[in-house]
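Chemist: Sharing a structure, written as structure tokens. Questions coming.
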Amino acid sequence: MAQSKLAHELNSLIKLDVDAMHAYLQAIQHIDYTPIREKLGQFLEDHERHAVKVAELLKEMGEESTEFSRDFKGFFIEGFTSLMSVTGMRMALEAMKMNEKLTNRKYKEALDGDLPPNVRMVVGDHYADERRHLDYIEQVLADHPWERQ
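Going letter by letter, the sequence shown gives residues 342 to 490 in this note's numbering.
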């Protein structure tokens, strides 16, 4: 993959993780079951770590990384999550499930591309985190642990 195309792809992943961070911040505000709120906080930290690591890869390539700010899509994702979250914890989790499906798809698409080995390793690690996030959210939605308090 040409370096400019790779830089564009990596910057897209940064934006994706920044958007996810904002969505998690919205959802966490509406989660009153401590174990789930804490786990979502860990996922928020994962997304922050992903953005920082991808920015480091870009710097190593001599490329600029995008600012850690939301774009139009990010405002939409955050707004959607906020609206869904207002209706309760289950809907906040449903919104995060949809967000994580998007994040998983984008990381998988990046991983399916022609990536240099060092980039493939990082993107693969991040994709594994994203799968773990989605698996957890789907399991929590299936189990409803907050109803057993």
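Beta carbons: idealized from backbone N, C-alpha and C, even for Gly.
Keep in mind it's a predicted model, so treat the numbers as computed, not measured.
Whose CA, out of 359, 446 and 352, lies closest to the CA of residue 400?
Modeler: In the sequence shown, the residue the question calls residue 400 occupies position 59. That would be 352, whose Cα lies nearest to the Cα of residue 400.
Chemist: To the nearest angstrom, how far is the alpha carbon of residue 418 from that of residue 344?
Modeler: In the sequence shown, residue 418 corresponds to position 77, counting from 1. In the sequence shown, residue 344 corresponds to position 3, counting from 1. Bear in mind that a pLDDT of 47 at residue 418, under 50, signals an unreliable position, so the number given afterwards is only what the model happens to contain. Each residue's alpha carbon lies about 29 Å from the other.
Chemist: Hey, would you say residue 398 sits closer than 7 Å to residue 460, going by beta carbons?
Modeler: Looking up residue 398 in the sequence shown gives position 57. Looking up residue 460 in the sequence shown gives position 119. Their beta carbons are under 7 Å apart, which means residue 398 touches residue 460 by this criterion.
Chemist: In its own chain, which residues sit with a C-beta less than 6 Å from the C-beta of residue 447, not counting the 5 before and 5 after it?
Modeler: In the sequence shown, the residue the question calls residue 447 occupies position 106. Excluding residues within five positions, the ones whose Cβ falls inside 6 Å are 357.
Chemist: So residue 451 packs on residue 464, CB below 8 Å; how close in whole Å?
Modeler: By one-based count along the sequence shown, residue 451 stands at place 110. By one-based count along the sequence shown, residue 464 stands at place 123. With a Cβ gap of about 5 Å, residue 451 and residue 464 count as contacting.
Chemist: Under the rule that 16 or more other beta-carbon atoms within 10 Å means buried, what is residue 348, buried or exposed?
Modeler: Position 7 of the sequence shown, counted from the start, is the residue given in the question as residue 348. Classified as buried, residue 348 has 16 or more neighbouring CB atoms from the shown chains inside 10 Å of its CB.
Chemist: Please classify residue 433: does DSSP put it in a helix, a strand, or coil?
Modeler: Taking the sequence shown and counting its residues from 1, one reaches residue 433 at position 92. Looking at residue 433 - three-state DSSP - the assignment turns out to be helix.
Chemist: DSSP three-state label for residue 478, please.
Modeler: In the sequence shown, residue 478 corresponds to position 137, counting from 1. Residue state, collapsed to three classes: helix.
Chemist: CB residue 361 to CB residue 444, shorter than 7 Å?
Modeler: Within the sequence shown, numbered from 1, the residue matching residue 361 stands at position 20. Within the sequence shown, numbered from 1, the residue matching residue 444 stands at position 103. The answer is yes: Cβ separation under 7 Å.
Chemist: I need the DSSP call for residue 470, collapsed to helix, strand or coil.
Modeler: If you number the sequence shown from 1, residue 470 lands on position 129. Note: residue 470 maps to helix in three-state DSSP.
Chemist: Along the chain, where does the alpha helix (DSSP H) that runs through residue 402 open and close?
Modeler: To locate residue 402, count along the sequence shown from 1; it is residue 61. First-last for residue 402: undefined, no H or E at that position.
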